[in-house]
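A.B. asks: The sequence shown runs 88 to 160 under my numbering.
Pasting in a structure now, in C-alpha cells, and then I'll have a few things to ask.
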Amino acid sequence: MSNEKKKDKLRAAALEYHTNEPYGKLGIHATKPLANQHDLALAYSPGVAAACEEIEKSEEQAAYMTSRGNLVA
88 MSNEKKKDKL RAAALEYHTN EPYGKLGIHA TKPLANQHDL ALAYSPGVAA ACEEIEKSEE
148 QAAYMTSRGN LVA
C-alpha cells in the first residue's frame, strides 16, 4: 500500500473515531463519592476550606488535593 493510501486510510479512521458518540475523547466524572449531604460538605463548603488552608501552607499539596496533578500542559 502506498504512503498516500496509508495516510488516507488513517485520516478516514481518525475522522470516524472523532465523530462517533460520545463525542470528544475525555469525560469529566467525580473521583470522590458524592452520594449524600456529608460527601458534598467535604467536597465543597465548608470542607474545601481545610484543603485550601493546607495548600496555602504548602503549594505542593495542590497536586494531591486538586485536579492539578492529573493535568497535562
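Built from N, CA and C at the ideal position, the CB exists for glycine as well.
Every value quoted in this text rests on a predicted model; they were computed, and no experiment measured them.
Could you please give the first and the last residue of the uninterrupted alpha helix (DSSP H) stretch that includes Q148?
C.D. replies: Premise fails: Q148 is in no alpha helix (DSSP H) and is neither H nor E.
A.B. asks: Can you tell me which of the three DSSP states A117 falls into?
C.D. replies: Correct three-state label for A117: coil.
A.B. asks: Tell me which residues share the same chain as D126 and place their Cβ nearer than 8 Å to its Cβ, disregarding the 5 neighbours each side in the sequence.
C.D. replies: Counting only Cβ-Cβ distances below 8 Å, and skipping sequence neighbours, we find K119 and P120.
A.B. asks: Which of helix, strand or coil does DSSP assign to V159?
C.D. replies: Of the three classes helix, strand and coil, the one that applies to V159 here is coil, per DSSP.
A.B. asks: Out of A122, M152 and K93, which one is the CA nearest neighbour of E141?
C.D. replies: Ranking the options by Cα distance to E141, first place goes to M152.
A.B. asks: Under DSSP, the alpha helix (DSSP H) around K94 begins and ends at which residues?
C.D. replies: Residues N90 to T106.
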